[in-house]
Every structure is written in C-alpha cells, then in structure tokens.
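All remarks here apply to the structure that follows.
Numbering (my numbering), first residue to last: 34 to 166.
Listed below in structure tokens is the structure:
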C-alpha cells in the first residue's frame, strides 16, 4: 500500500522536502515472525513543493485520481494526477494556484449542481472559504 505524506518545510525551519511516498508492506519481518506484522518504509520524493500540510485524494468518475495539496507557507493549492503504484507511483503536477487569505490549512473537493469539480480551501484564522476551479 502506498501512503503519501507531507509537512512543514524550509520556510518553517523544518525538514519536509515535499510530498513523499511511504510504503506499507504486510507480512512478517526480521524482528517479528507473525504473519500479521507490517513494515512501513520510506519511499521517495514524489513532488518538490513547499510545506504540503494537507492533502486530499479525489477519484473521478472515470477512475482517474487527483491529489490536492495545500501549500500552507506559500498560500497555494497544487493539484497532481496520480499515476501508477509502488515503485512506479508518480505525481504529475496539473496546477498550482494562489489562494485568498493567509495560511490556508485545509482543502475539500466538491462538485456543483452541474457536476463540475472545485476545491474549496478555508483560510485561517478567519475560517473564510474560497472556491478555486
């Protein structure tokens, strides 16, 4: 199973290089012979973006997947097409747009009455919502 993670980067004097891949493998390992043990290992850097502190995965009707990432320290939202899995997992950047407000912290993907998708990030500390298409 692939897991993508982010966090604060250089702009906050932290060490997150962007969106990274973690790999969860089920089954025993050297320190535990149990069949239900799991091993979590660090994969690789999938996207070199600053402070991806919140991510949401959206699956379209055709089965394609898009990952939305809040880039908190630069007040942006980035979107990536997800391709492959495991060693062939890739994130292909689709867009990177500025958000209104300061320190955007979350994103929600929503559909309007016509079926069109949009991301809706609240800003803090005001809790203001903006719709980005």
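Note that the Cβ used here is the ideal one computed from N, Cα and C, for glycine as well.
Three or more beta-carbon pairs drawn from the segment 129-138 and the segment 104-114 are found closer than 8 Å, and the two stretches are therefore classed as touching. For residue 132, the three-state secondary structure derived from DSSP is coil. The beta carbons of residue 70 and residue 60 sit closer together than 8 Å. Counting C-beta atoms within 10 angstroms of its own C-beta, residue 117 has fewer than 16 neighbours from the protein chains shown and is therefore classed as exposed. Going by C-alpha positions, residue 76 is about 16 Å away from residue 115.
Classified as exposed, residue 128 has fewer than 16 neighbouring CB atoms from the shown chains inside 10 Å of its CB. Under the three-state reduction of DSSP, residue 81 is assigned to coil, being neither helix nor strand. Nearest to residue 130 by C-alpha distance, out of 122, 97, 101 and 91, is 101. Residue 84 and residue 119 do not touch by the CB rule: their CB atoms are close to 26 Å apart, not below 8 Å.
When beta bridges are read from the DSSP output, residue 139 appears opposite no residue. Rounded to the nearest angstrom, the Cβ distance from residue 86 to residue 40 is 6 Å, consistent with a contact under 8 Å.
A Cβ-Cβ separation of about 22 Å leaves residue 55 out of contact with residue 106 under the 8 Å criterion.
For residue 59, the enclosing beta strand (DSSP E) has its first and last residue at 52-59.
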